[in-house]
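Asks: Residue numbers (this note's numbering): 136 to 448. Every residue gets a Cβ at the ideal spot worked out from N, C-alpha and C, and that includes glycine.
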Ligand SMILES: [Zn+2]
Ligand SMILES: [Zn+2]
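(1) Alpha carbon to alpha carbon, what distance is there between residue 337 and residue 273?
(2) Express the C-alpha separation of residue 152 and residue 170 in angstroms, rounding to a whole number.
(3) To the nearest whole angstrom, what separates the beta carbons of residue 225 and residue 206, a pair I think is in contact under 8 angstroms?
(4) Bridge partners for residue 282 per DSSP, in chain order?
(5) Taking 8 angstroms as the cut-off, does the CB of residue 139 come closer than this to any heavy atom belonging to ligand 4?
(6) Which class does residue 144 belong to by DSSP, given the choice of helix, strand or coil?
(7) What is the rounded straight-line gap between the Cα of residue 400 and the Cα of residue 387?
(8) Beta carbon of residue 279: closer than 8 angstroms to some heavy atom of ligand 1?
(9) Determine the direct distance from the alpha carbon of residue 330 to that of residue 429, and round the result to whole angstroms.
(10) Run the CB neighbour count on residue 216, radius 10 Å, all protein chains shown included, and call it buried at 16 or more, exposed below.
(11) Going by DSSP, what residue range makes up the alpha helix (DSSP H) through residue 391?
(12) Spatial neighbours of residue 164 within its chain, please: C-beta separation below 6 angstroms, excluding the five flanking residues on both sides.
(13) What first and last residue would you give for the beta strand (DSSP E) that runs through residue 251?
(14) Leaving aside the five residues before and after residue 141 along the sequence, list all residues of the same chain whose C-beta is less than 6 angstroms from its C-beta, in chain order.
(15) Since residue 403 and residue 370 should fall inside the 8 angstroms C-beta cutoff, what is the C-beta to C-beta distance between them, to a whole number of angstroms?
(16) Could you tell me the alpha carbon to alpha carbon distance between residue 384 and residue 343, rounded to whole angstroms?
(17) Taking just the CA atoms, how far does residue 418 sit from residue 427?
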């Protein structure tokens, strides 16, 4: 990490519950206070990102999550007061963990707990009310599934289009149709309670870009909703540090430069997310994000705790 300014960019997107499993093996994973606290500990020990929100997938929600979130918020309060013994007891961590987090909070670092609410058909029935009880600091809305026709039954099937297991289906569906379905699904999804529109360019993850004119129309449509409803738009950096996606970097940077420029012109707020699925990935790709923000003249990005913009540097 080169620049002190990079450390000040809030990271709103990270998954303490970890990496995806293969599609058929995905299942709910319960939060523990320890799991959440240690997610923040890694940033605290490193000293950045100085603002960090955890935001796990709604399909992983379990009945235990709301209580774990309540407990870790209590532990963070205790750490802020410098009571490291009770912090450690509350979060079920060592005192050394608690004191690293307490020092970080004393130095102005902030941690919050949100959710990535997507349209995963495997989301448990009670998830929405559990999330409500969790009182997420921010809701990232994203789309990982689009409805396609299934030939045998004629029913719609929810295609996990950004999952490498199912990437071959781009050939059958076609890139233009995939994007059209993605955008109509996204526009519908963000009618639900939402603070941040997550990873807009996700259908291009494996290099599937629609024709430039159509893409610009899609960008304008989504930005218009963001402007009207005061939603932030996420600059997601996962493509910028994921080694399997590195061939996408230039196209992704160019697209985001255009999107940020348009967002700035419309007064749409930007949030930045690493989409980390392990602690080492928190804040990854943020040097490039900072260069993009600077290029586009954006000097404030969104962070939910204080429900206001945070100056960069
Ligand atoms: Zn996502
Ligand atoms: Zn994510």
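Replies: Considering the structure as presented:
(1) For the purposes of this step, residue 273 is identified with residue 138 of the chain shown, where counting begins at 1. For the purposes of this step, residue 337 is identified with residue 202 of the chain shown, where counting begins at 1. Going from the Cα of residue 273 to the Cα of residue 337 covers about 20 angstroms.
(2) Mapped onto the chain shown, residue 170 falls at position 35. Mapped onto the chain shown, residue 152 falls at position 17. Their Cα atoms are separated by approximately 8 angstroms.
(3) Here residue 225 is taken as the residue at index 90 of the chain shown, counted from 1. Here residue 206 is taken as the residue at index 71 of the chain shown, counted from 1. With a Cβ gap of about 6 angstroms, residue 225 and residue 206 count as contacting.
(4) Residue 282 sits at position 147 when you count from the first residue of the chain shown. According to DSSP, which records beta bridges pairwise, residue 282 is partnered with 293.
(5) Judged by which ligands are present, ligand 4 is missing from the structure shown, whose ligands are ligand 1 and ligand 2.
(6) For the purposes of this step, residue 144 is taken as the residue at position 9 of the chain shown. In the displayed model, residue 144 falls within coil according to three-state DSSP, outside both helix and strand.
(7) Working through the chain shown from its first residue, we reach residue 400 at position 265. Working through the chain shown from its first residue, we reach residue 387 at position 252. Distance between the alpha carbons of residue 400 and residue 387: 20 angstroms.
(8) Here residue 279 refers to the residue found at position 144 when the chain shown is read from its first residue. Checking the Cβ of residue 279 against ligand 1 gives yes.
(9) One-based indexing of the chain shown puts residue 429 at position 294. One-based indexing of the chain shown puts residue 330 at position 195. Residue 330 has its alpha-carbon roughly 23 angstroms from the corresponding atom of residue 429.
(10) Within the chain shown, the letter at position 81 stands for residue 216. Counting Cβ neighbours within 10 Å, residue 216 comes out exposed, since fewer than 16 surround it.
(11) For this step, residue 391 is matched to residue 256 along the chain shown. Judged by DSSP secondary structure, residue 391 falls within the alpha helix (DSSP H) whose first and last residues are 384-401.
(12) Along the chain shown, one-based indexing puts residue 164 at 29. The answer, listed in chain order, is 152 and 195.
(13) Taking the first residue of the chain shown as position 1, residue 251 is located at position 116. Taken as a continuous stretch (DSSP letters only), the beta strand (DSSP E) holding residue 251 covers 245-252.
(14) Locating residue 141 in the chain shown gives position 6, counting from the first residue. Here the set comprises 421, 422 and 425.
(15) Your numbering for residue 403 matches position 268 in the chain shown. Your numbering for residue 370 matches position 235 in the chain shown. So it is not a contact: roughly 12 angstroms between Cβ atoms.
(16) Translated into positions along the chain shown, residue 384 becomes position 249. Translated into positions along the chain shown, residue 343 becomes position 208. The C-alpha of residue 384 lies about 13 angstroms from the C-alpha of residue 343.
(17) Taking the first residue of the chain shown as position 1, residue 427 is located at position 292. Taking the first residue of the chain shown as position 1, residue 418 is located at position 283. In a straight line, the C-alpha of residue 427 is about 15 angstroms away from that of residue 418.
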